[in-house]
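> So that we are looking at the same thing, I have put the structure below in structure tokens.
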Amino acid sequence: SAPSQIARPALQGGTSILHLRFSCHKFNTFLKIHAPGFRLEPFDLHTSSIENTSVSLSDDISFTVAGTLITATSVSESHLSLHIYDTSGRKVAEVSGHGSTDYDFSGAKSGVYIILCGDKTIKYLNR
Numbered sequence: 003s004a005p006s007q008i009a010r011p012a013l014q015g016g017t018s019i020l021h022l023r024f025s026c027h028k029f030n031t032f033l034k035i036h037a038p039g040f041r042l043e044p045f046d047l048h049t050s051s052i053e054n055t056s057v058s059l060s061d062d063i064s065f066t067v068a069g070t071l072i073t074a075t076s077v078s079e080s081h082l083s084l085h086i087y088d089t090s091g092r093k094v095a096e097v098s099g100h101g102s103t104d105y106d107f108s109g110a111k112s113g114v115y116i117i118l119c120g121d122k123t124i125k126y127l128n129r
């Protein structure tokens, strides 16, 4: 039967776990699907290398996309880390800094990348 409830996955030890609840008469079955690398949840931002945009995704963190350069900035000057994955779940890069950090995709292959910064998830298309 069709899923009756889909919960946001929780990150556990570098592996995402997606819980699907199926109702079958009086029994509930939980199915765990493991996907290494990144979370299977809605993206906080969709952008690409042909866009130039600046957006605040929280009270403290904003992202600026200028072609192939993505910059994360913290208003409170806190430590930021960008974790960059390809669509196979392989970590491509990790950069960090205090107050601001950036990553330049100019040397990266064309394709879709997932960028994690704290609890924010960005889908980035490098063209």
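Following my numbering, the numbering of the sequence shown begins with 3 at its first residue and continues without gaps.
Beta carbons are placed, not taken as given, at the ideal position from N, Cα and C, and that holds for glycine.
Out of Ile86, Val97, Ser98 and Gly99, state which residue places its alpha-carbon closest to the alpha-carbon of Leu127.
Here the closest residue by C-alpha is Ile86.
> Taking only the alpha-carbon atoms, compute the straight-line gap between Leu47 and Thr70 and give it to the nearest angstrom.
Straight-line Cα distance between these residues: approximately 15 angstroms.
> Just checking, does the region 72-84 make contact with the region 93-107 on the three C-beta pairs under 8 angstroms criterion?
In short, these stretches touch, since the Cβ pair count reaches three.
> Report the three-state DSSP secondary structure of Phe107 (helix, strand or coil).
In this structure, Phe107 counts as helix in the three-state DSSP scheme.
> What number of angstroms, rounded off, separates the C-alpha of Lys111 from the C-alpha of Ala95?
Looking at the two C-alpha atoms, the distance is approximately 13 angstroms.
> Tell me where the beta strand (DSSP E) around Gly113 begins and ends.
Looking at the DSSP string, the run of the beta strand (DSSP E) that includes Gly113 is Gly113 to Cys119.
> Taking just the CA atoms, how far does Lys125 sit from Ser50?
Rounded to whole angstroms, Ser50 to Lys125 spans 8 angstroms at the Cα level.
> For Gly99, name the three-state secondary structure that DSSP assigns.
Reduced to three states, the DSSP call for Gly99 is strand.
> Using DSSP's beta-bridge definition, name the partner residues of Ser58.
In DSSP, Ser58 forms a bridge with Ser64.
> Among Arg129, Val114, Asp106 and Ser108, whose alpha-carbon lies nearest the alpha-carbon of Thr89?
Nearest of Arg129, Val114, Asp106 and Ser108 to Thr89, Cα basis: Val114.
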